[in-house]
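What follows is a set of notes on a single structure, which appears directly below.
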Amino acid sequence: MLNEGGWTTAGLNQKAIENLERPLARRVYLHEEVGSTQERARELARRTPGAPHGTLVISRVQKGGRGRLGREWGSPPGGLWMSLVLRPEIPVYLASRITQAAAVGVAKALWDFGVEARIKWPNDLLVVQRGDLVGRKICGILAEAGVGDTPGGYRRLDFVILGIGLNANLDPEDLAIPDREVATLRSELGRDVDLTELLDALLSRLNVELERIEDFSAVLDDWRALNCTLGKLVRVERFGEALEGRASDLTPEGALLLDTPEGTVEVFEGEVEHLRQEGM
Ligand code: BTN
Numbered sequence: 093m094l095n096e097g098g099w100t101t102a103g104l105n106q107k108a109i110e111n112l113e114r115p116l117a118r119r120v121y122l123h124e125e126v127g128s129t130q131e132r133a134r135e136l137a138r139r140t141p142g143a144p145h146g147t148l149v150i151s152r153v154q155k156g157g158r159g160r161l162g163r164e165w166g167s168p169p170g171g172l173w174m175s176l177v178l179r180p181e182i183p184v185y186l187a188s189r190i191t192q193a194a195a196v197g198v199a200k201a202l203w204d205f206g207v208e209a210r211i212k213w214p215n216d217l218l219v220v221q222r223g224d225l226v227g228r229k230i231c232g233i234l235a236e237a238g239v240g241d242t243p244g245g246y247r248r249l250d251f252v253i254l255g256i257g258l259n260a261n262l263d264p265e266d267l268a269i270p271d272r273e274v275a276t277l278r279s280e281l282g283r284d285v286d287l288t289e290l291l292d293a294l295l296s297r298l299n300v301e302l303e304r305i306e307d308f309s310a311v312l313d314d315w316r317a318l319n320c321t322l323g324k325l326v327r328v329e330r331f332g333e334a335l336e337g338r339a340s341d342l343t344p345e346g347a348l349l350l351d352t353p354e355g356t357v358e359v360f361e362g363e364v365e366h367l368r369q370e371g372m
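Just so we're aligned, residue 93 is where the sequence shown starts under the numbering used here, counting upward by one.
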């Protein structure tokens, strides 16, 4: 149910979010509990008329939060679980740029809050201690495109649902994720943050990055400066096979270049694991 008055206990309030006057919070849907903000945002985007660019869905709790590759995304109170309806005026083949632009925006917002988050390709945000090759995940991003047909039969990018799951005011053990090490803003800063201020920083940083996706080389330069994957030995699971090699760079469209004993491979999607051992 939409909470018109806003939550007070969770530190978010509908009016306070609207008063931020951010282009990415043009319409705000604040929920106490939903299955997944991703599904809720998609449903709003598909309505007639569809929700406009800058429709923001947030829920205090998600009962069916989803991550990449169909994984479960634990979403107890204290996190910032949100999805944005975006309607970028770009062709379908450029939609994947949103993934990396969003990662840069979220990373910068985390730095604004004193957390030196690093991007693991393509768009996980990790807290990486010196000497630690693996890192602990503090935020996950899920960008899903809605594609329609034009009268001429071409595929058109109708919308993108950009989901962000940021572990904020909670303890890592609240997330009950056995197979992944996690960090939260609370664990890193030793205090809770004001979620409205956090949201404001995110919406502002995201908007700047999304507005320059046509100048993608600038976004990728910032991605390179903020990443923790390039130069590492990694294993990539894709299409059921495992590839190992050294992550050497990105292509101009953000695919990962992997130097393997068989040559350089371009990886467009897949799950990257940073390997601890050195040498190939
Ligand atoms: C990942 O790293 O696997 C992506 C995680 C994305 C989680 C967010 S939380 C808000 C939105 N709603 C969902 O169900 N998923 C995304």
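Beta carbons: idealized from backbone N, C-alpha and C, even for Gly.
This structure is a prediction, so every number in the text was calculated from the model and none was measured.
Unbroken beta strand (DSSP E) run spanning residue i, endpoints
i, result
"residue 52", "An answer regarding residue 52 cannot be provided, because it is not within the stretch 93 to 372 covered by the chain."
"residue 129", "First-last for residue 129: 129 to 138, but that is the alpha helix (DSSP H), not the beta strand (DSSP E)."
"residue 359", "355 to 359"
"residue 322", "Careful: residue 322 lies outside any beta strand (DSSP E) and carries neither H nor E."
"residue 349", "348 to 352"
"residue 110", "No beta strand (DSSP E) contains residue 110, which is instead part of the alpha helix (DSSP H) from 106 to 110."
"residue 273", "Looking at the DSSP string, residue 273 is not in any beta strand (DSSP E), and its letter there is neither H nor E."
"residue 184", "Element bounds for residue 184: n/a, residue is neither H nor E."
"residue 265", "Element bounds for residue 265: n/a, residue is neither H nor E."
"residue 363", "363 to 366"
Given residue i as reference, the closest of the options once Cα atoms are compared
i, options, result
"residue 296", "194, 184, 133, 221", "194"
"residue 189", "237, 226, 151", "237"
"residue 136", "103, 153, 175, 315", "175"
"residue 145", "152, 117, 167", "117"
"residue 338", "317, 365, 318", "365"
"residue 334", "157, 326, 185", "326"
"residue 319", "303, 348, 148, 161", "348"
"residue 199", "126, 357, 314", "314"
"residue 316", "340, 228, 250", "340"
"residue 306", "196, 180, 357", "180"
"residue 203", "356, 277, 358, 282", "277"
"residue 264", "163, 291, 346, 228", "228"
"residue 291", "197, 281, 163, 162", "197"
"residue 139", "173, 304, 250, 161", "250"
"residue 124", "346, 165, 173", "173"
"residue 302", "163, 187, 221", "187"
Endpoints, the alpha helix (DSSP H) within which residue i is located
i, result
"residue 291", "287 to 303"
"residue 280", "277 to 281"
"residue 196", "189 to 204"
Residue i versus residue j: straight-line alpha-carbon distance, rounded
i, j, result
"residue 324", "residue 246", "40 Å"
"residue 269", "residue 215", "19 Å"
"residue 104", "residue 114", "15 Å"
"residue 284", "residue 244", "52 Å"
"residue 288", "residue 309", "31 Å"
"residue 362", "residue 286", "34 Å"
"residue 354", "residue 321", "20 Å"
"residue 239", "residue 150", "23 Å"
"residue 352", "residue 226", "20 Å"
"residue 211", "residue 141", "36 Å"
"residue 112", "residue 260", "20 Å"
"residue 183", "residue 241", "12 Å"
"residue 331", "residue 217", "24 Å"
"residue 169", "residue 262", "8 Å"
"residue 273", "residue 108", "33 Å"
"residue 275", "residue 219", "7 Å"
"residue 122", "residue 155", "15 Å"
"residue 126", "residue 234", "17 Å"
"residue 158", "residue 255", "9 Å"
"residue 248", "residue 185", "9 Å"
"residue 367", "residue 147", "39 Å"
Beta-bridge partners of residue i, as assigned by DSSP
i, result
"residue 209", "219"
"residue 173", "151, 257"
"residue 246", "Residue 246 pairs with nothing; no bridge assigned."
"residue 334", "329"
"residue 119", "147"
"residue 161", "Beta-bridge pairing links residue 161 to no other residue."
"residue 167", "154"
"residue 308", "Looking at the DSSP assignment, residue 308 forms no beta bridge with any residue, so it has no partner."
Beta-carbon separation (whole angstroms), residue i vs residue j, contact threshold 8 Å
i, j, result
"residue 133", "residue 253", "5 Å"
"residue 130", "residue 120", "With a Cβ gap of about 16 Å, residue 130 and residue 120 do not count as contacting."
"residue 153", "residue 167", "6 Å"
"residue 209", "residue 230", "6 Å"
"residue 171", "residue 257", "7 Å"
"residue 293", "residue 360", "Actually they are not in contact, since the Cβ atoms of residue 293 and residue 360 sit about 30 Å apart, beyond 8 Å."
"residue 192", "residue 312", "7 Å"
"residue 342", "residue 328", "14 Å between Cβ atoms; not a contact."
"residue 281", "residue 207", "7 Å"
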